[in-house]
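Per mature numbering (1 follows the signal peptide of the UniProt record, and there is no 0), the sequence shown runs over residues -15 to -1, 1 to 452.
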Amino acid sequence: MLFTLFLATSLAVLATTLPTINTDGYAPSSIVTRDVCIIGGGSTGTYSAISLHDKGISVVVIEAQDRLGGHTNTYTDPNTNETIDYGVVLFHNISVVNNYFARFNIPLTKAVLSSPGETSTYVDFQTGKIVAGYTPNDPTAALAAYAAQLAQYPYLETGFVLPDSVPADLLLPFGDFVTKYALQDMVGFLFQFAQGLGDLLSQLTLYVFKNFGLSVLQGVQNGFLTTLDQDNSEIYVKALAVLGQDVLLTSHVLAVDRSASSSGGCVKVLVQTPQGVKLILAKKLILTIPPKLHNLEGFDLSTEETSLFLQFQNSAYYTGLLRGTKIPDLTTVNNIGAATQYNLPILPAAYSITPTRVPGLHDVKFGSANALPDEQVKADIIASVNRINAARIFNSTAEPEFAVFASHTPFELTVPKEAIEGGFYKSLYMLQGTRETWYTGAAWHTHDSSLLWVFTEGVLQGVLEGL
């Protein structure tokens, strides 16, 4: 009841006059007419654009960053010229992945998750001290039991098409699910592998299953793929070369008007670009950015869209590369809670500090249940390294610094248990195609580029109808 009252009150506050765009007064040079307008040039936005382009469909992509790729981050070390992927690292060995990279003549290889001779040290980052007596559990048996539970819900591999009566186990806090099925020995492994979920034990089991599903388990067992050159951004560089001026980088949406779409008219999108304001006229719209209301300012959202998107909550996830830690090049430092359940560290905190193939350069991942300012995250990470150095674990008094840093926030988009029970995802999926608008991205499936490309293929089938 309280949730319903909150939602109704919030909708009333958000109720405004929907934007309309008058096409008069725009010079021909500022009007872009395309079959499809794609908002967001990350993993699914770029995939959509290339797939449609290759089918002879005209597209335009609006991207806020100065590059394509979204959560794919690649750093080129100025001293060695080596590339390091510190965002998206792994891909599944499935046909959609192999075909997509082959389309750009980018060879793939089996990913190496750890280097020969690599060791792990287990440290409580709150104190900087080694957790005495800690040894990670062998997760093998628990992972098999977890897989047996996952196998009961094969539909989770393709999206959020849930049964009308959602199974009770999927709506359990994951900590309760672990206890119910005696999965304690896999919790530490899962926490480190399936990062970005926020408070893992409080997260609904549905979202843990989505993040760490059967496909991921198969990858853990059989291996993942990565690019031969260890440069996952290469596919986005080559995609940009193919799409050319059909990509508007460093641009943001000012207004979206879909009022005429129901009567056969076009979708109108007003965009601020570095070259000035552009008016885009398109037959269809694909939205790939996280559907949080602050991302959709200027959109002519319906009451249904607003009521659904308003319910999304999110965790936060950050990544970066550190210099000057003086942590040995073949050493991973895992964050372990000295006196916590399952020895899980208390978030917000760094998950681990891991070596890269560049000497002296370490990868760091940081998670939080809520969004934090970038500078606060960076300061927290540096403070953690300084505590480790002060404890003289590696006999170092180094002064670490960031070579590069990126925020992947908002990350895991979730809704409360009562929303799921009330048919949230059924209502969300019914938005597909309304007012010539189609949706893809992690909120509609999971944070996994490989699986999202499969999901996007299904969305594009609907987009292509009528074009």
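Think of the CB as a built atom: it goes at the ideal place given N, C-alpha and C, for glycine as much as any other residue.
Cβ pair residue i, residue j closer than 8 Å
| i | j | result |
| --- | --- | --- |
| Leu346 | Arg372 | no |
| Lys24 | Ile47 | Residue 24 is actually Ile in this sequence, not Lys. Yes, the pair counts as a contact, with Cβ atoms nearer than the cut-off. |
| Trp438 | Val81 | yes |
| Ile271 | Asn280 | no |
| Asp359 | Phe387 | no |
| Val73 | Thr57 | yes |
| Val318 | Thr106 | yes |
| Asp231 | Val45 | yes |
| Ala96 | Thr211 | yes |
| Ile35 | Val222 | no |
| residue 483 | Cys251 | Nothing in the structure corresponds to residue 483, since the chain is present only between -15 and 452. |
| Val163 | Val151 | no |
| Leu452 | Asp20 | yes |
| Phe294 | Pro276 | yes |
| Gly322 | Val349 | no |
| Ser287 | Gln257 | no |
| Glu442 | Lys269 | no |
| Ala224 | Leu53 | yes |
| Asn320 | Ser300 | no |
| Asn374 | Lys311 | yes |
| Phe159 | Val193 | yes |
| Asp170 | Ala126 | yes |
| Cys22 | Val254 | yes |
Residues bridged to residue i [DSSP beta-bridge criterion]
| i | result |
| --- | --- |
| Gly261 | Thr258 |
| Glu386 | Arg308 |
| Gly352 | Tyr302 and Ala334 |
| Ala267 | Arg19 and Val252 |
| Lys114 | Asp109 |
| Lys95 | Leu210 |
| Trp423 | Ile271 |
| Thr399 | Gln298 |
| Asn319 | Tyr107 and Ser337 |
| Ala391 | Thr304 |
| Ile24 | Ile47 and Leu272 |
Classification of residue i by the beta-carbon crowding that lies within 10 angstroms, buried from 16 upward
| i | result |
| --- | --- |
| Gly261 | exposed |
| Val146 | exposed |
| Arg377 | exposed |
| Leu233 | buried |
| Tyr303 | buried |
| Lys40 | exposed |
| Asp109 | buried |
| Val444 | buried |
| Thr341 | buried |
| Ser369 | buried |
| Tyr140 | exposed |
| Gln326 | exposed |
| Gly165 | It should be noted that the sequence gives Lys, not Gly, for residue 165. Per the 10 Å Cβ criterion, exposed. |
| Gln446 | exposed |
| Asp123 | exposed |
| Glu450 | exposed |
| Pro63 | exposed |
| Gly249 | exposed |
| Ile16 | exposed |
| Phe440 | buried |
| Asn196 | buried |
| Val448 | buried |
| Glu289 | exposed |
| Gly27 | buried |
| Pro385 | buried |
| residue 454 | Any question about residue 454 goes unanswered here, given that the chain covers just -15 to 452. |
| Leu(-5) | Only weak support is given to the placement of Leu(-5): the predicted model assigns it a pLDDT of 48, under 50, and the value that follows is read from those uncertain coordinates. Counting Cβ neighbours within 10 Å, Leu(-5) comes out exposed, since fewer than 16 surround it. |
| Met(-15) | Unreliable placement is indicated for Met(-15), whose pLDDT of 45 sits below 50; no coordinate value is reported for it. |
| Ser33 | buried |
Inter-residue CB distance, residue i and residue j (contact presumed, cutoff 8 Å)
| i | j | result |
| --- | --- | --- |
| Leu329 | Ala354 | That belief does not hold up - the Cβ atoms of Leu329 and Ala354 are roughly 13 Å apart, past 8 Å. |
| Ile405 | Leu191 | 7 Å |
| Ile366 | Phe351 | 6 Å |
| Lys156 | Leu135 | Looking at the sequence itself, residue 156 is Leu, so the reference to Lys does not match. Not a contact, Cβ separation roughly 16 Å. |
| Thr8 | Leu264 | 7 Å |
| Thr425 | Thr29 | 4 Å |
| residue 456 | Gly208 | Residue 456 cannot be examined here, being either before or after the span of the chain that is shown, -15 to 452. |
| Glu67 | Val343 | 5 Å |
| Asp435 | Ile79 | Before going further, note that residue 435 is Ser rather than Asp in the sequence given. Right, their Cβ atoms sit about 6 Å apart. |
| Phe86 | Ile220 | 6 Å |
| Phe409 | Gln296 | 7 Å |
| Asp285 | Ser244 | 7 Å |
Handout entry: Segment contact flag, the stretch 387 to 401 with the stretch 182 to 190, C-beta cutoff 8 Å, min 3 pairs
Key = yes
Problem - Given 8 Å, three or more beta-carbon pairs between the stretch 413 to 430 and the stretch 114 to 132 - result: no
Practice task
Kindly confirm or deny that the stretch 425 to 434 and the stretch 139 to 159 touch, where touching means at least three C-beta pairs closer than 8 Å.
Solution key: Touching, yes, given that three or more Cβ pairs across the two stretches are closer than 8 Å.
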